[in-house]
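Report on one structure; see the data block that follows.
Number of protein chains: 2
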Amino acid sequence: MNNKEKLRNAGLRPTKQRMIIANILLNGVNRHFTAENLQNEINSSGNSMSIATIYNCLKKFRNCGLIKQVESSKETAIFDTNIDQHHHFLDEETGELIDIENEEINLFKLPEIPRGYMNSGVEVLIKLKKQT
Amino acid sequence: MNNKEKLRNAGLRPTKQRMIIANILLNGVNRHFTAENLQNEINSSGNSMSIATIYNCLKKFRNCGLIKQVESSKETAIFDTNIDQHHHFLDEETGELIDIENEEINLFKLPEIPRGYMNSGVEVLIKLKKQT
DNA sequence: CAAGTAGTTTAGAACGGTTTTAAAGTAAAA
DNA sequence: TTTTACTTTAAAACCGTTCTAAACTACTTG
């Protein structure tokens, strides 16, 4: 399925701007990025786009499940093109994230989900520091 | 050990402001809170404190290990008086966090830590949504 | 195809949480 | 007591993100 179809399937109009972003992000190579990273990439490809549009687009993509947003206490929002359930290493010094495939972690025992709620995803974060 | 001693042990001068905050936070009852939550609490106890001081103090407390900061993609920083390794439920709608004791989750298999790094803490986040 | 309409993009302003600044104040050391 | 280093403060600055409202564009309907 091409990116135009992906957008349509997600209920999004394939505008020029969304196609530029989809072509950068949805090429099968997983990555982490911020809105600013993406704007730099758009600029250096000879295009340009308002930062507001980039945020709008990332929010729409996220709400449609085309990308994910990572839970991280960094000041800037970090997005992830890997939408499968998976986990992360976090380099606490640099903030860099490294993917951990779901199968690499085995959660043997989980607590009872509070009444009235359902589990909507489990994320494991392994914090790293430089070896001394 | 009283709070004055805790501050001294952590290498922090027990100033009036730090004592006010320590007395609120370090009373053995675990909780999550933001800088603003804390300021409201200080105000309603008849004291007052600059928001800059509150941030300074929370950062120092965190760096000394007296409190933790939670990994969360909320826009405001969330702190936690529970400094033991533990995990969280996250209500995705409200952002509310609920503690999960370390023993309630059993991580059966962990991935290999990247070369040159060491594991400095594992946090599991179980995202919750309202049952339909 | 033309006209209408609903959705989208934009620059710039506004926002909100956090950090910086620089001056005044305080704790500890000498 | 005097000195020194650290701390607090209000206000300004900062920075990532969202809002505004006007211009624009994709799609629908005739």
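From first to last, the protein sequence lines are chains F and L.
Note that the first sequence covers residues 5 to 136 in this note's numbering.
Note that the second sequence covers residues 5 to 136 in this note's numbering.
Yeah, the Cβ is synthetic: ideal placement off N, Cα and C, and Gly gets one too.
If residue 58/F and residue 70/F are in contact, beta carbons under 8 Å, what's the gap, nearest whole angstrom?
Numbered from 1 along the first sequence, position 54 holds the residue referred to as residue 58/F. Numbered from 1 along the first sequence, position 66 holds the residue referred to as residue 70/F. Actually they do not touch by this definition, with Cβ atoms about 14 Å apart.
Cut-off 6 Å between Cβ atoms - residues of its own chain near residue 53/L, not counting five sequence neighbours on either side
Translated into positions along the second sequence, residue 53/L becomes position 49. Leaving aside the five residues that flank residue 53/L on each side, the residues in its chain whose CB is nearer than 6 Å to its CB run, in chain order, 21, 46.
Meets three-Cβ-pair contact criterion under 8 Å: the stretch 86-100 of chain F and the stretch 77-87 of chain L:
No, because fewer than three Cβ pairs between the stretch 86-100 of chain F and the stretch 77-87 of chain L fall closer than 8 Å, the two stretches do not touch.
How should residue 55/F be labelled, buried or exposed, when 16 other C-beta atoms within 10 angstroms of its C-beta is the threshold for buried?
As a first step, residue 55/F must be located in the first sequence, where it is residue number 51. Residue 55/F should be labelled exposed.
Could you tell me how far apart the beta carbons of residue 132/F and residue 117/L are, in whole angstroms, since I believe they sit closer than 8 Å?
As a first step, residue 132/F is located in the first sequence; it is residue number 128 there, counting from the start. As a first step, residue 117/L is located in the second sequence; it is residue number 113 there, counting from the start. Contact holds; Cβ gap of about 7 Å.
Going by the DSSP bridge assignment, what does residue 83/L pair with across the sheet?
By 1-based counting over the second sequence, the position of residue 83/L is 79. Looking at the DSSP output, residue 83/L shares a beta bridge with 37/L, 73/L.
Against chain F, which members of the stretch 112-135 of chain L pass a CB distance test of less than 8 Å?
Taking 8 Å as the Cβ-Cβ cut-off, the stretch 112-135 of chain L approaches chain F at 112, 113, 114, 115, 117, 118, 120, 121, 122, 123, 124, 125, 126, 127, 128, 129, 130, 131, 132, 133, 134, 135, given in chain order.
Is residue 11/F helix, strand or coil when you go by DSSP?
Here residue 11/F refers to the residue found at position 7 when the first sequence is read from its first residue. It is helical.
Taking its Cβ as the centre, do 16 or more other Cβ atoms sit within 10 Å of residue 123/L, making it buried, or is it exposed?
Taking the first residue of the second sequence as position 1, residue 123/L is located at position 119. So residue 123/L ends up on the exposed side.
Hey, would you say residue 39/F sits closer than 8 Å to residue 81/F, going by beta carbons?
For this step, residue 39/F is matched to residue 35 along the first sequence. For this step, residue 81/F is matched to residue 77 along the first sequence. A contact, by the Cβ cut-off of 8 Å.
Per-residue burial, residue 67/F [other beta carbons within 10 Å of its own, 16 or more giving buried]
For this step, residue 67/F is matched to residue 63 along the first sequence. With fewer than 16 other beta carbons inside 10 angstroms of its own, residue 67/F counts as exposed.
Sorted by chain position, which residues of the same chain lie with C-beta nearer than 8 Å to residue 126/L's C-beta, five sequence neighbours on each side aside?
For the purposes of this step, residue 126/L is taken as residue 122 along the second sequence, with counting starting at 1. Counting only Cβ-Cβ distances below 8 Å, and skipping sequence neighbours, we find 89, 111, 114.
Whose Cβ in chain L lies nearer than 9 Å to the Cβ of residue 40/F?
As a working mapping, residue 40/F is identified with position 36 in the first sequence. Under the 9 Å cutoff, chain L gives no residues; its nearest Cβ is about 16 Å from residue 40/F.
For residue 63/F, which three-state DSSP category applies?
As a first step, residue 63/F must be located in the first sequence, where it is residue number 59. Reduced to three states, the DSSP call for residue 63/F is helix.
Quick one: is residue 72/L buried, meaning 16 or more other Cβ sit within 10 Å of its Cβ, or exposed?
As a position in the second sequence, residue 72/L is number 68, starting the count at 1. It is buried - the Cβ of residue 72/L has at least 16 other Cβ atoms within 10 Å.
Could you give the DSSP three-state label for residue 4/F: helix, strand or coil?
What the structure shows of chain F is the stretch from 5 to 136, and residue 4/F is not part of that stretch, so it cannot be assessed.
Pull up the distance between the alpha-carbon of residue 17/F and that of residue 6/F, whole angstroms please.
As a first step, residue 17/F is located in the first sequence; it is residue number 13 there, counting from the start. As a first step, residue 6/F is located in the first sequence; it is residue number 2 there, counting from the start. Cα to Cα, residue 17/F sits roughly 14 Å from residue 6/F.
Taking only beta carbons into account, state which residues of the stretch 75-101 of chain L come closer than 7 Å to chain F, listed in chain order.
Answer set for the stretch 75-101 of chain L: 75, 76, 77, 81, 93, 96.
Can a CB atom of chain L be found closer than 8 Å to the CB of residue 45/F?
Translated into positions along the first sequence, residue 45/F becomes position 41. By this cut-off, residue 45/F is not an interface position.
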